[in-house]
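> Numbering (UniProt numbering), first residue to last: 1 to 463.
#1: Using three-state DSSP, classify residue 172 as helix, strand or coil.
#2: How would you write the range of the alpha helix (DSSP H) that residue 79 sits in, first residue to last?
#3: Quick check on the burial criterion: 16 or more other C-beta atoms within 10 angstroms. Buried or exposed for residue 98?
#4: So what does DSSP say about residue 464, is it helix, strand or coil?
#5: Counting C-beta neighbours from all protein chains within 10 Å, is the total for residue 76 16 or more, i.e. buried, or is it exposed?
#6: Give the single residue among 380, 304, 147 and 36 whose Cα lies nearest to the Cα of residue 108.
#7: Which two residues bound the contiguous alpha helix (DSSP H) that contains residue 250?
#8: Can you list, in chain order, the residues of its chain whose CB lies under 7 Å from that of residue 379, leaving out five sequence neighbours each side?
#9: Leaving out the 5 sequence neighbours to the left and right, which residues in its chain are closer than 6 Å to residue 161 when beta-carbon positions are compared?
#10: Pull the bridge partners of residue 370 from the DSSP assignment, please.
#11: Indicate the three-state DSSP secondary structure (helix, strand or coil) for residue 310 in the structure shown.
#12: Beta carbon of residue 327, beta carbon of residue 376: below 8 Å?
#13: Where residue 314 and residue 286 are concerned, what is the direct C-alpha to C-alpha distance, given to the nearest angstrom?
#14: Assign residue 289 to one of three DSSP states: helix, strand, or coil.
#15: Can you tell me where the alpha helix (DSSP H) with residue 46 in it begins and where it stops?
#16: DSSP on residue 124, reduced to helix/strand/coil?
#17: May I ask which residues mark the beginning and end of the beta strand (DSSP E) holding residue 412?
#18: So is residue 137 buried or exposed if we call it buried at 16+ other beta carbons inside 10 Å?
#19: Is residue 29 helix, strand or coil when you go by DSSP?
#20: So, with DSSP's three-state summary, where would you put residue 439?
#21: Quick check: the region 250-259 against the region 105-121, are there 3 or more CB pairs under 8 Å?
#22: If we count Cβ pairs, one from each stretch, closer than 8 Å, do we get three or more for the region 63-76 versus the region 108-127?
#23: In whole angstroms, what is the alpha-carbon distance linking residue 423 and residue 432?
#24: With DSSP run on the structure shown, which of helix, strand or coil describes residue 254?
#25: Roughly how many angstroms separate the alpha carbons of residue 264 and residue 297, rounded to a whole number?
#26: Rounded to whole angstroms, how far is the Cβ of residue 140 from the Cβ of residue 30, which I believe are closer than 8 Å?
#27: Which one or two residues does DSSP pair with residue 334 in a beta bridge?
#28: What does the Cβ neighbour count give for residue 234, buried or exposed, with the cut at 16 atoms within 10 Å?
#29: The alpha helix (DSSP H) with residue 144 in it runs from where to where?
#30: Quick one: measure Cβ to Cβ for residue 122 and residue 199, integer angstroms, because I've assumed they're closer than 8 Å.
#31: Can you tell me which of 441, 167, 157 and 50 puts its alpha carbon nearest to the alpha carbon of residue 134?
#32: Between 456, 56 and 372, which has its C-alpha nearest residue 361's C-alpha?
#33: In whole angstroms, give me the CA-to-CA distance for residue 318 and residue 272.
Next up, the structure:
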(Lines of atoms letter the chains of each structure in order from A; the text may use other names.)
(Lines give C-alpha, C1' and ligand atoms only; values in the text may rest on other atoms or scores of the structure.)
Protein backbone atom coordinates (compact mmCIF):
# COMPACT_ATOMS: atom_id res chain seq x y z
CA UNK A 1 0.00 0.00 0.00
CA UNK A 2 1.38 3.41 -0.99
CA UNK A 3 0.55 6.95 0.04
CA UNK A 4 -0.05 9.95 -2.22
CA UNK A 5 3.70 10.35 -2.67
CA UNK A 6 4.09 6.79 -3.95
CA UNK A 7 5.88 5.62 -0.80
CA UNK A 8 5.02 2.44 1.10
CA UNK A 9 3.00 3.21 4.22
CA UNK A 10 4.66 1.84 7.34
CA UNK A 11 1.87 2.70 9.77
CA UNK A 12 -1.28 4.71 9.96
CA UNK A 13 -0.11 8.30 10.23
CA UNK A 14 -0.50 10.03 13.54
CA UNK A 15 -1.82 7.08 15.52
CA UNK A 16 1.21 6.46 17.71
CA UNK A 17 0.97 2.77 16.81
CA UNK A 18 4.62 2.41 15.69
CA UNK A 19 3.80 -0.87 13.97
CA UNK A 20 7.03 -2.86 13.46
CA UNK A 21 8.35 -3.77 10.03
CA UNK A 22 11.16 -6.14 9.17
CA UNK A 23 14.39 -4.38 10.13
CA UNK A 24 15.73 -4.25 6.55
CA UNK A 25 12.57 -2.80 4.99
CA UNK A 26 12.13 -0.34 7.86
CA UNK A 27 15.71 0.92 7.54
CA UNK A 28 15.35 1.18 3.76
CA UNK A 29 12.14 3.18 4.14
CA UNK A 30 13.77 5.74 6.44
CA UNK A 31 16.95 5.92 4.37
CA UNK A 32 14.99 6.83 1.24
CA UNK A 33 13.09 9.67 2.89
CA UNK A 34 13.97 13.15 1.61
CA UNK A 35 16.31 11.91 -1.12
CA UNK A 36 14.22 14.19 -3.36
CA UNK A 37 12.83 17.64 -2.71
CA UNK A 38 9.42 17.39 -1.01
CA UNK A 39 6.33 17.85 -3.16
CA UNK A 40 4.31 20.19 -0.97
CA UNK A 41 1.19 19.85 -3.11
CA UNK A 42 1.25 16.06 -2.70
CA UNK A 43 1.95 16.35 1.03
CA UNK A 44 -1.04 18.69 1.38
CA UNK A 45 -3.29 15.88 0.16
CA UNK A 46 -2.21 13.84 3.19
CA UNK A 47 -2.75 16.53 5.81
CA UNK A 48 -5.47 19.23 5.73
CA UNK A 49 -3.58 21.30 8.32
CA UNK A 50 -0.65 21.57 5.94
CA UNK A 51 -2.92 22.33 2.99
CA UNK A 52 -4.09 25.41 4.88
CA UNK A 53 -0.60 26.99 4.99
CA UNK A 54 0.69 26.45 1.44
CA UNK A 55 -0.06 28.24 -1.80
CA UNK A 56 0.04 25.79 -4.69
CA UNK A 57 3.43 24.12 -4.38
CA UNK A 58 5.08 26.94 -2.42
CA UNK A 59 5.68 27.41 1.30
CA UNK A 60 6.74 30.66 2.96
CA UNK A 61 9.75 29.65 5.04
CA UNK A 62 9.82 33.08 6.69
CA UNK A 63 6.40 32.43 8.21
CA UNK A 64 6.87 30.73 11.62
CA UNK A 65 3.39 29.17 11.51
CA UNK A 66 4.03 27.62 8.10
CA UNK A 67 7.44 26.31 9.20
CA UNK A 68 5.93 24.82 12.35
CA UNK A 69 3.15 23.11 10.41
CA UNK A 70 5.63 21.63 7.93
CA UNK A 71 7.57 20.05 10.79
CA UNK A 72 4.39 18.66 12.38
CA UNK A 73 3.15 17.30 9.07
CA UNK A 74 6.40 15.59 8.05
CA UNK A 75 6.71 13.95 11.46
CA UNK A 76 3.10 12.78 11.24
CA UNK A 77 3.17 11.53 7.65
CA UNK A 78 6.69 10.07 7.50
CA UNK A 79 7.38 8.88 11.05
CA UNK A 80 3.97 8.38 12.66
CA UNK A 81 4.92 10.97 15.28
CA UNK A 82 2.86 13.77 16.78
CA UNK A 83 4.34 16.88 18.40
CA UNK A 84 3.15 20.16 19.86
CA UNK A 85 5.39 23.23 20.00
CA UNK A 86 5.29 26.65 21.65
CA UNK A 87 5.60 29.61 19.30
CA UNK A 88 8.70 31.01 21.03
CA UNK A 89 10.91 27.92 20.81
CA UNK A 90 12.88 26.49 17.89
CA UNK A 91 10.91 24.48 15.37
CA UNK A 92 13.46 21.96 14.02
CA UNK A 93 13.72 21.12 10.30
CA UNK A 94 12.86 17.43 10.06
CA UNK A 95 15.12 16.38 7.17
CA UNK A 96 18.23 17.85 8.78
CA UNK A 97 17.51 16.15 12.11
CA UNK A 98 16.68 12.89 10.36
CA UNK A 99 20.05 12.95 8.60
CA UNK A 100 21.82 13.10 11.97
CA UNK A 101 19.92 10.00 13.14
CA UNK A 102 20.73 8.15 9.90
CA UNK A 103 24.41 8.91 10.39
CA UNK A 104 24.30 7.72 14.00
CA UNK A 105 22.72 4.46 12.86
CA UNK A 106 25.55 3.92 10.37
CA UNK A 107 28.17 4.94 12.93
CA UNK A 108 26.90 2.41 15.47
CA UNK A 109 26.18 -0.36 12.94
CA UNK A 110 29.68 -0.25 11.45
CA UNK A 111 31.42 -0.23 14.84
CA UNK A 112 29.67 -3.17 16.43
CA UNK A 113 29.79 -6.93 16.02
CA UNK A 114 26.18 -7.07 17.27
CA UNK A 115 22.94 -6.94 15.30
CA UNK A 116 21.72 -3.44 14.34
CA UNK A 117 18.47 -4.26 16.14
CA UNK A 118 20.22 -4.40 19.51
CA UNK A 119 19.20 -2.11 22.32
CA UNK A 120 21.08 1.18 22.32
CA UNK A 121 21.13 4.04 24.84
CA UNK A 122 21.87 7.58 23.70
CA UNK A 123 22.12 10.98 25.36
CA UNK A 124 20.66 14.05 23.62
CA UNK A 125 22.26 17.14 25.16
CA UNK A 126 19.93 20.14 24.81
CA UNK A 127 16.90 18.28 23.49
CA UNK A 128 14.69 21.35 23.07
CA UNK A 129 10.92 21.63 23.27
CA UNK A 130 10.40 19.23 20.38
CA UNK A 131 12.60 16.43 21.79
CA UNK A 132 12.94 15.59 18.11
CA UNK A 133 16.13 13.51 18.11
CA UNK A 134 14.92 11.00 20.73
CA UNK A 135 11.54 10.78 18.99
CA UNK A 136 13.13 10.13 15.59
CA UNK A 137 15.57 7.61 17.04
CA UNK A 138 12.87 5.67 18.88
CA UNK A 139 10.61 5.66 15.82
CA UNK A 140 13.34 3.94 13.78
CA UNK A 141 15.19 1.62 16.15
CA UNK A 142 14.89 -0.12 19.54
CA UNK A 143 16.79 2.76 21.12
CA UNK A 144 16.35 4.50 24.46
CA UNK A 145 17.32 8.08 25.26
CA UNK A 146 18.24 10.38 28.07
CA UNK A 147 17.20 13.88 26.95
CA UNK A 148 18.56 16.89 28.85
CA UNK A 149 17.92 20.63 28.80
CA UNK A 150 18.45 23.66 31.05
CA UNK A 151 15.32 25.52 29.93
CA UNK A 152 12.19 24.85 32.03
CA UNK A 153 9.78 25.63 29.20
CA UNK A 154 11.60 23.35 26.75
CA UNK A 155 11.63 20.55 29.34
CA UNK A 156 7.90 20.93 29.92
CA UNK A 157 7.09 20.65 26.21
CA UNK A 158 9.62 17.87 25.63
CA UNK A 159 7.93 15.76 28.31
CA UNK A 160 4.55 16.43 26.67
CA UNK A 161 5.85 15.25 23.31
CA UNK A 162 7.35 12.08 24.78
CA UNK A 163 4.03 11.26 26.44
CA UNK A 164 2.09 12.15 23.29
CA UNK A 165 3.97 9.41 21.42
CA UNK A 166 3.87 6.76 24.17
CA UNK A 167 7.66 6.75 24.59
CA UNK A 168 7.67 7.32 28.37
CA UNK A 169 9.44 4.00 28.95
CA UNK A 170 12.20 4.76 26.43
CA UNK A 171 12.86 8.50 26.71
CA UNK A 172 13.86 10.03 30.05
CA UNK A 173 13.73 13.85 30.05
CA UNK A 174 16.09 15.34 32.64
CA UNK A 175 16.45 18.96 33.75
CA UNK A 176 20.00 20.28 34.21
CA UNK A 177 21.60 23.50 35.43
CA UNK A 178 23.93 25.58 33.22
CA UNK A 179 27.04 24.59 35.20
CA UNK A 180 26.15 20.88 35.56
CA UNK A 181 28.08 18.19 33.73
CA UNK A 182 26.79 17.80 30.18
CA UNK A 183 27.22 14.01 30.27
CA UNK A 184 25.74 13.06 33.67
CA UNK A 185 26.54 9.34 33.75
CA UNK A 186 27.46 9.33 37.43
CA UNK A 187 24.38 11.36 38.37
CA UNK A 188 22.20 8.86 36.48
CA UNK A 189 24.15 5.90 37.92
CA UNK A 190 25.01 4.59 34.46
CA UNK A 191 28.26 2.75 33.82
CA UNK A 192 28.18 3.44 30.08
CA UNK A 193 26.04 4.50 27.13
CA UNK A 194 26.38 4.06 23.38
CA UNK A 195 26.49 7.67 22.19
CA UNK A 196 25.97 11.32 22.97
CA UNK A 197 24.54 13.79 20.48
CA UNK A 198 24.02 17.52 20.49
CA UNK A 199 22.99 20.33 18.19
CA UNK A 200 24.50 23.13 20.29
CA UNK A 201 23.67 26.85 20.26
CA UNK A 202 25.49 28.47 17.31
CA UNK A 203 26.12 31.95 18.61
CA UNK A 204 28.41 33.55 21.18
CA UNK A 205 26.14 36.55 21.70
CA UNK A 206 22.60 37.79 21.20
CA UNK A 207 23.95 40.44 18.83
CA UNK A 208 25.41 37.79 16.52
CA UNK A 209 22.11 35.93 16.51
CA UNK A 210 20.05 39.05 15.73
CA UNK A 211 22.44 39.94 12.89
CA UNK A 212 22.06 36.46 11.40
CA UNK A 213 18.26 36.72 11.59
CA UNK A 214 18.35 40.14 9.88
CA UNK A 215 20.52 38.80 7.07
CA UNK A 216 17.87 36.12 6.48
CA UNK A 217 15.05 38.70 6.71
CA UNK A 218 13.58 36.89 9.71
CA UNK A 219 12.54 38.26 13.10
CA UNK A 220 14.65 36.91 15.99
CA UNK A 221 13.22 34.66 18.70
CA UNK A 222 10.57 32.86 16.62
CA UNK A 223 10.02 29.25 15.58
CA UNK A 224 12.30 29.96 12.62
CA UNK A 225 15.25 31.05 14.74
CA UNK A 226 14.70 29.83 18.30
CA UNK A 227 14.86 31.45 21.73
CA UNK A 228 18.02 32.99 23.16
CA UNK A 229 18.60 29.99 25.46
CA UNK A 230 18.54 27.71 22.41
CA UNK A 231 20.76 29.79 20.16
CA UNK A 232 23.29 31.61 22.37
CA UNK A 233 25.93 30.12 24.66
CA UNK A 234 29.31 31.18 26.02
CA UNK A 235 31.91 30.53 23.34
CA UNK A 236 29.27 29.60 20.75
CA UNK A 237 29.11 26.06 19.40
CA UNK A 238 32.88 25.57 19.72
CA UNK A 239 32.78 26.53 23.39
CA UNK A 240 29.89 24.14 24.02
CA UNK A 241 31.53 21.20 22.25
CA UNK A 242 34.81 21.94 24.04
CA UNK A 243 32.95 21.28 27.30
CA UNK A 244 31.78 17.91 25.97
CA UNK A 245 35.31 17.16 24.78
CA UNK A 246 36.83 17.91 28.19
CA UNK A 247 34.29 15.61 29.84
CA UNK A 248 35.06 12.90 27.28
CA UNK A 249 38.73 12.97 28.31
CA UNK A 250 37.59 11.82 31.75
CA UNK A 251 34.77 9.45 30.77
CA UNK A 252 36.67 7.99 27.80
CA UNK A 253 35.37 4.49 26.93
CA UNK A 254 32.25 4.81 29.07
CA UNK A 255 30.67 6.33 25.95
CA UNK A 256 31.32 4.61 22.64
CA UNK A 257 30.74 7.67 20.46
CA UNK A 258 30.72 11.35 21.39
CA UNK A 259 29.03 13.28 18.56
CA UNK A 260 28.00 16.84 17.74
CA UNK A 261 26.48 18.78 14.87
CA UNK A 262 28.04 22.13 13.93
CA UNK A 263 26.90 25.03 11.78
CA UNK A 264 30.32 26.30 10.71
CA UNK A 265 33.08 24.43 8.89
CA UNK A 266 35.62 26.39 10.93
CA UNK A 267 34.16 24.78 14.06
CA UNK A 268 34.70 21.34 12.57
CA UNK A 269 38.34 22.19 11.85
CA UNK A 270 38.83 23.42 15.42
CA UNK A 271 37.40 20.22 16.91
CA UNK A 272 39.49 17.92 14.71
CA UNK A 273 42.62 19.89 15.64
CA UNK A 274 41.70 19.33 19.28
CA UNK A 275 41.26 15.58 18.71
CA UNK A 276 44.64 15.31 17.01
CA UNK A 277 46.29 17.37 19.73
CA UNK A 278 45.14 14.72 22.24
CA UNK A 279 46.14 11.81 19.96
CA UNK A 280 42.52 10.70 19.44
CA UNK A 281 42.76 8.94 16.08
CA UNK A 282 39.35 7.24 15.92
CA UNK A 283 36.98 9.93 14.70
CA UNK A 284 34.46 10.57 11.94
CA UNK A 285 33.16 13.64 10.14
CA UNK A 286 30.28 14.14 7.72
CA UNK A 287 28.06 16.83 6.27
CA UNK A 288 24.28 17.15 6.04
CA UNK A 289 22.69 19.05 3.19
CA UNK A 290 19.13 18.80 1.94
CA UNK A 291 18.92 20.03 -1.65
CA UNK A 292 19.98 23.68 -1.75
CA UNK A 293 19.25 24.22 1.92
CA UNK A 294 21.72 25.18 4.64
CA UNK A 295 24.68 22.85 5.09
CA UNK A 296 25.62 21.40 8.46
CA UNK A 297 28.51 19.20 9.58
CA UNK A 298 28.90 16.57 12.27
CA UNK A 299 31.85 15.12 14.13
CA UNK A 300 32.20 12.00 16.27
CA UNK A 301 35.10 10.63 18.30
CA UNK A 302 35.73 7.45 20.24
CA UNK A 303 38.34 6.12 22.66
CA UNK A 304 37.40 2.56 21.71
CA UNK A 305 39.18 0.67 18.90
CA UNK A 306 36.28 -0.22 16.56
CA UNK A 307 36.56 1.83 13.35
CA UNK A 308 33.57 3.12 11.33
CA UNK A 309 33.07 2.42 7.63
CA UNK A 310 34.82 4.85 5.30
CA UNK A 311 31.55 6.32 3.97
CA UNK A 312 30.59 7.15 7.55
CA UNK A 313 33.94 8.51 8.73
CA UNK A 314 34.91 10.49 5.63
CA UNK A 315 31.49 11.80 4.57
CA UNK A 316 32.39 15.34 3.54
CA UNK A 317 34.23 16.73 0.53
CA UNK A 318 34.52 20.15 2.16
CA UNK A 319 37.09 18.76 4.60
CA UNK A 320 39.47 17.68 1.84
CA UNK A 321 41.02 21.12 1.40
CA UNK A 322 41.46 21.51 5.15
CA UNK A 323 43.27 18.22 5.68
CA UNK A 324 41.00 17.10 8.51
CA UNK A 325 39.70 13.78 7.17
CA UNK A 326 40.41 10.73 9.35
CA UNK A 327 42.52 7.81 8.12
CA UNK A 328 41.04 5.57 5.44
CA UNK A 329 39.48 2.32 6.63
CA UNK A 330 38.85 0.59 3.30
CA UNK A 331 41.04 -0.27 0.33
CA UNK A 332 41.19 -2.52 -2.73
CA UNK A 333 44.29 -4.67 -2.26
CA UNK A 334 44.15 -6.66 -5.48
CA UNK A 335 42.19 -6.78 -8.73
CA UNK A 336 42.27 -9.26 -11.61
CA UNK A 337 40.17 -10.09 -14.70
CA UNK A 338 37.29 -12.50 -14.13
CA UNK A 339 38.16 -15.84 -15.72
CA UNK A 340 35.94 -18.72 -14.69
CA UNK A 341 35.29 -19.76 -11.10
CA UNK A 342 36.88 -17.85 -8.23
CA UNK A 343 36.18 -20.50 -5.59
CA UNK A 344 39.66 -21.99 -5.67
CA UNK A 345 41.30 -18.57 -5.57
CA UNK A 346 39.16 -17.48 -2.60
CA UNK A 347 39.92 -20.65 -0.63
CA UNK A 348 43.65 -20.30 -1.28
CA UNK A 349 43.53 -16.69 -0.09
CA UNK A 350 41.59 -17.69 3.03
CA UNK A 351 44.16 -20.40 3.78
CA UNK A 352 47.00 -17.87 3.48
CA UNK A 353 45.30 -15.62 6.03
CA UNK A 354 44.46 -18.56 8.31
CA UNK A 355 48.17 -19.49 8.38
CA UNK A 356 48.95 -16.19 10.12
CA UNK A 357 49.40 -16.06 13.89
CA UNK A 358 45.90 -14.64 14.50
CA UNK A 359 43.66 -14.35 17.54
CA UNK A 360 40.78 -15.50 15.34
CA UNK A 361 39.83 -15.99 11.69
CA UNK A 362 36.31 -16.75 10.45
CA UNK A 363 35.75 -17.32 6.74
CA UNK A 364 32.30 -17.43 5.10
CA UNK A 365 32.52 -19.60 1.98
CA UNK A 366 29.17 -18.42 0.62
CA UNK A 367 29.77 -14.70 1.00
CA UNK A 368 33.52 -14.99 0.26
CA UNK A 369 34.17 -12.81 3.30
CA UNK A 370 36.29 -13.26 6.38
CA UNK A 371 36.90 -11.44 9.65
CA UNK A 372 40.20 -11.69 11.51
CA UNK A 373 41.88 -10.23 14.58
CA UNK A 374 45.61 -9.94 15.24
CA UNK A 375 47.82 -8.89 18.16
CA UNK A 376 50.30 -7.18 15.86
CA UNK A 377 51.32 -6.92 12.19
CA UNK A 378 51.69 -10.69 12.19
CA UNK A 379 52.20 -10.85 8.41
CA UNK A 380 55.24 -8.58 8.52
CA UNK A 381 58.90 -9.56 8.64
CA UNK A 382 59.65 -7.84 11.98
CA UNK A 383 56.97 -9.92 13.73
CA UNK A 384 58.05 -13.16 12.05
CA UNK A 385 61.72 -12.52 12.91
CA UNK A 386 60.83 -11.77 16.53
CA UNK A 387 58.69 -14.89 16.75
CA UNK A 388 61.44 -17.04 15.25
CA UNK A 389 63.99 -15.61 17.69
CA UNK A 390 61.70 -16.33 20.65
CA UNK A 391 61.19 -19.93 19.53
CA UNK A 392 64.94 -20.46 19.06
CA UNK A 393 65.62 -19.10 22.55
CA UNK A 394 62.90 -21.34 23.99
CA UNK A 395 64.44 -24.38 22.26
CA UNK A 396 67.79 -23.54 23.89
CA UNK A 397 66.12 -23.02 27.25
CA UNK A 398 67.19 -19.38 27.31
CA UNK A 399 63.80 -17.68 27.28
CA UNK A 400 60.23 -18.01 28.44
CA UNK A 401 57.93 -20.48 26.73
CA UNK A 402 56.28 -18.98 23.65
CA UNK A 403 52.58 -18.76 24.43
CA UNK A 404 50.04 -19.36 21.65
CA UNK A 405 47.82 -16.47 20.60
CA UNK A 406 44.50 -16.57 22.50
CA UNK A 407 41.13 -14.80 22.44
CA UNK A 408 42.03 -12.99 25.67
CA UNK A 409 44.85 -11.04 24.05
CA UNK A 410 44.29 -7.45 23.03
CA UNK A 411 43.53 -6.99 19.34
CA UNK A 412 45.87 -4.49 17.69
CA UNK A 413 44.40 -4.91 14.21
CA UNK A 414 40.94 -6.22 13.34
CA UNK A 415 40.11 -6.63 9.67
CA UNK A 416 37.62 -7.88 7.14
CA UNK A 417 38.53 -9.34 3.75
CA UNK A 418 36.00 -9.66 0.93
CA UNK A 419 36.42 -11.22 -2.50
CA UNK A 420 34.07 -9.26 -4.77
CA UNK A 421 33.06 -10.69 -8.13
CA UNK A 422 32.06 -8.09 -10.72
CA UNK A 423 30.97 -8.42 -14.33
CA UNK A 424 34.50 -8.38 -15.73
CA UNK A 425 36.86 -8.52 -12.76
CA UNK A 426 37.48 -9.83 -9.27
CA UNK A 427 38.73 -7.63 -6.44
CA UNK A 428 40.06 -8.30 -2.96
CA UNK A 429 38.87 -5.62 -0.56
CA UNK A 430 40.23 -4.92 2.91
CA UNK A 431 38.34 -3.14 5.68
CA UNK A 432 40.02 -1.96 8.88
CA UNK A 433 37.66 -2.90 11.73
CA UNK A 434 39.65 -2.45 14.91
CA UNK A 435 42.80 -0.83 16.26
CA UNK A 436 44.62 2.50 16.42
CA UNK A 437 47.57 2.01 14.03
CA UNK A 438 46.58 3.49 10.65
CA UNK A 439 49.79 2.17 9.05
CA UNK A 440 48.62 -1.39 9.73
CA UNK A 441 46.02 -1.24 6.94
CA UNK A 442 48.60 -0.11 4.38
CA UNK A 443 50.97 -2.87 5.47
CA UNK A 444 48.17 -5.45 5.39
CA UNK A 445 47.29 -4.40 1.84
CA UNK A 446 50.80 -5.36 0.78
CA UNK A 447 50.41 -8.79 2.36
CA UNK A 448 47.02 -9.31 0.68
CA UNK A 449 48.43 -8.35 -2.72
CA UNK A 450 51.24 -10.91 -2.43
CA UNK A 451 48.89 -13.54 -0.99
CA UNK A 452 46.39 -12.94 -3.81
CA UNK A 453 49.05 -13.31 -6.49
CA UNK A 454 50.17 -16.60 -4.94
CA UNK A 455 46.53 -17.74 -4.61
CA UNK A 456 46.06 -17.18 -8.35
CA UNK A 457 49.13 -19.26 -9.18
CA UNK A 458 48.08 -22.05 -6.79
CA UNK A 459 44.57 -22.06 -8.28
CA UNK A 460 46.05 -22.48 -11.78
CA UNK A 461 48.16 -25.42 -10.59
CA UNK A 462 45.14 -27.05 -9.01
CA UNK A 463 42.95 -26.59 -12.08
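A virtual CB, placed ideally from N, CA and C, is assigned to each residue, including glycine.
This is what the structure holds:
#1: strand
#2: 64-79
#3: buried
#4: What is shown of the chain runs 1 to 463, which leaves residue 464 out entirely.
#5: buried
#6: 304
#7: 236-251
#8: 356, 444 and 447
#9: 83 and 131
#10: 363 and 417
#11: helix
#12: no
#13: 6 Å
#14: coil
#15: 40-46
#16: strand
#17: Note, residue 412: premise wrong, no beta strand (DSSP E); not H, not E.
#18: buried
#19: helix
#20: helix
#21: yes
#22: no
#23: 26 Å
#24: helix
#25: 7 Å
#26: 5 Å
#27: 428
#28: exposed
#29: Here residue 144 belongs to no alpha helix (DSSP H); instead the beta strand (DSSP E) covers 143-149.
#30: In fact, because the Cβ distance is near 13 Å, the residues do not count as touching under 8 Å.
#31: 167
#32: 372
#33: 14 Å
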